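Notes follow once the structure below has been shown.
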DNA sequence: CGGCGGTATGTGAAGTCTCATATACTCACG
DNA sequence: CGTGAGTATATGAGACTTCACATACCGCCG
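Now the structure itself:
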């Protein structure tokens with residue numbers, strides 16, 4: 001049920017339409033959640049049915065009429081309860097990482113090529129994440145920087161033709 | 001369709017039962033994927049129906065008969081194709097992070113308490129991740145270490161009563 | 001012998017997610 | 001005037017995910 005709560009959290013800042021919410025989620029991966037519009041619309045319906053948000057239609061300068069949702073007192077209560085729940089680390093769910101990990105059984109040239117591809121993704125994402133002063137943004141930046149450094153270290157180890165394990169020794 | 005491919009990847013190392021696969025996934029979060037048994041069993045059925053794995057029943061020293069799956073040539077081809085697909089960064093999907101981010105609008109004592117709770121999770125996980133010499137494990141370790149450092153920096157900033165933004169200045 | 005804990009397989013319901021597809025309104029450009 | 005781009009809402013299929021529950025086999029301990 002996280003998506004509904006995340007939407008409630010966004011709405012608690014300012015009323016918004018499904019479209020607005022999607023834009024805000026996609027713009028800032030540091031928020032920790034994203035979803036398709038086709039998930040967001042039914043989720044807003046459920047929130048409406050449950051009385052956690054209210055709806056006001058208003059015509060838009062462009063396109064069809066906007067459906068603007070805002071949090072009700074009941075929604076605010078629900079949000080507060082959700083925020084107070086105990087934390088847990090997320091279940092890993094990253095197809096790219098899974099493939100990268102399986103690749104370790106492949107040949108070095110292949111691994112190098114794929115690692116560089118991944119490094120490119122990280123570099124692009126780091127640039128996108130360059131702005132913003134929230135704690136969550138700072139977290140995202142340092143994580144991307146760390147992963148970039150990791151990719152470089154693994155590349156270097158591949159080039160050197162060794163495994164970069166704790167067993168690796170300085171040559172005497 | 002990632003779960004099926006991840007299972008194929010695990011099976012390509014050694015034949016295994018659904019139970020085995022679940023254990024291997026849960027033991028190593030650095031693999032980038034985990035799933036419930038109730039997902040794994042139907043996924044194995046689909047792989048079987050598709051001819052990507054074969055099945056051999058064998059009795060187990062304990063418990064009901066094991067159903068051991070192994071990759072077929074067709075499965076190996078499918079795995080290879082999947083591994084060759086282009087990479088992409090995963091869509092953010094972390095309820096804890098989402099709550100942590102929303103918390104930034106709360107009061108400092110509250111934020112400090114929650115941040116410390118999160119820090120505790122990270123520290124535990126880092127300990128669990130301490131072993132292993134694969135690149136994926138090294139990645140996980142440096143990421144956890146970085147996040148731990150981030151949590152400490154944010155805590156310190158909260159204590160100091162300022163925002164730790166780029167606007168923060170050395171005192172004159 | 002009876003129950004407990006670990007191994008091992010499953011089902012079902014409800015919600016989530018991805019991907020494809022459809023509709024409709026407005027503005028700008030050619 | 002037509003067409004494409006951007007805004008905005010929506011539906012459906014199929015797979016994925018979570019959680020609760022059910023079943024069964026084995027050895028061990030009291």
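Residue numbers (our numbering), protein chains in the order written: chain Y, 1 to 172; chain Z, 1 to 172.
Cβ atoms here follow ideal geometry from the backbone N, Cα and C, with glycine treated the same way.
Here the structure is a predicted model, which means the values were calculated and not measured.
The DSSP-derived three-state label of residue 118(Z) is helix. When the Cα atoms are used, residue 153(Z) and residue 143(Y) turn out to be separated by approximately 14 angstroms. Spatial neighbours of residue 100(Y) in its own chain (CB-CB distance under 8 angstroms, excluding positions within 5 residues in sequence) are listed in chain order as 114, 115, 118. Proximity of residue 2(Z) to chain Y, defined by a Cβ-Cβ separation below 8 angstroms, is satisfied.
Taking CB atoms only, residue 136(Y) has a neighbour in chain Z less than 8 angstroms away. Residue 161(Y) is outside the set of residues whose beta carbon lies under 8 angstroms from a beta carbon in chain Z. When Cβ-Cβ separations below 8 angstroms define contact, residue 90(Z) makes contact with chain Y. Across the set 19(Y), 20(Y), 53(Y), 57(Y), the C-alpha of 53(Y) shows the shortest separation from the C-alpha of residue 77(Y).
Residue 136(Y) places its beta carbon less than 8 angstroms from that of residue 30(Y).
Rounded to the nearest angstrom, the gap between the Cα atoms of residue 6(Y) and residue 38(Y) is 15 angstroms.
Distance from residue 17(Z) to residue 59(Z) at the Cβ level is roughly 12 angstroms; contact not present, criterion being Cβ atoms closer than 8 angstroms. Residue 92(Z) places its beta carbon less than 8 angstroms from that of residue 32(Y).
For residue 20(Y), the nearest beta carbon of chain Z is not closer than 8 angstroms to its own beta carbon. Proximity to residue 42(Y) across 124(Y), 105(Y), 3(Y) peaks at 3(Y), based on C-alpha coordinates.
Burial is judged here by how many other beta carbons sit within 10 angstroms of a residue's own beta carbon; residue 147(Z) has at least 16 and is buried. Ranked by Cα distance from residue 84(Y), the options 79(Z), 80(Z), 111(Z) are led by 111(Z). Proximity to residue 75(Z) across 86(Z), 48(Z), 56(Z) peaks at 48(Z), based on C-alpha coordinates. Assignment of beta-bridge partners to residue 55(Y) by DSSP yields 69(Y). With a minimum length of 4 residues, the unbroken runs of alpha helix (DSSP H) contained wholly in the region 88 to 114 of chain Z fall at 95 to 102. Within the region 87 to 115 of chain Z, contact with chain Y at the beta-carbon level (separation under 9 angstroms) is assigned to 87, 88, 89, 90, 91, 92, 93, 94, 95, 96, 97, 98, 99, 100, 101, 102, 103, 104, 105, 106, 111, 114, 115. Put simply, the CB of residue 142(Z) is near chain Y, with a gap under 8 angstroms to one of its CB atoms. Proximity of chain Y to residue 34(Z) at the Cβ level (cut-off 9 angstroms) is accounted for by 91, 92, 93, in chain order. Rounded to whole angstroms, the gap between the alpha carbons of residue 105(Z) and residue 12(Y) is 11 angstroms. At least one CB of chain Z lies nearer than 8 angstroms to the CB of residue 9(Y). Against chain Y, the CB of residue 42(Z) has no partner CB under 8 angstroms away; the residue lies outside that interface. Identification of chain Z residues near residue 29(Y) by a Cβ-Cβ cut-off of 9 angstroms yields 89, 91, 92, ordered along the chain.
Counting along the chain, the unbroken alpha helix (DSSP H) around residue 4(Y) starts and ends at 2 to 11. Assignment of residue 130(Y) by DSSP, reduced to helix, strand and coil, places it in the coil class.
Chain Z has a Cβ within less than 8 angstroms of the Cβ of residue 118(Y). By alpha-carbon distance to residue 82(Y), the top candidate from 145(Z), 108(Z), 97(Z) is 97(Z). DSSP, reduced to helix, strand and coil, places residue 14(Z) outside both helices and strands of the structure shown, so it counts as coil. Residues of the same chain with a CB within less than 7 angstroms of the CB of residue 123(Z), apart from the 5 flanking positions on each side, are 148 in chain order.
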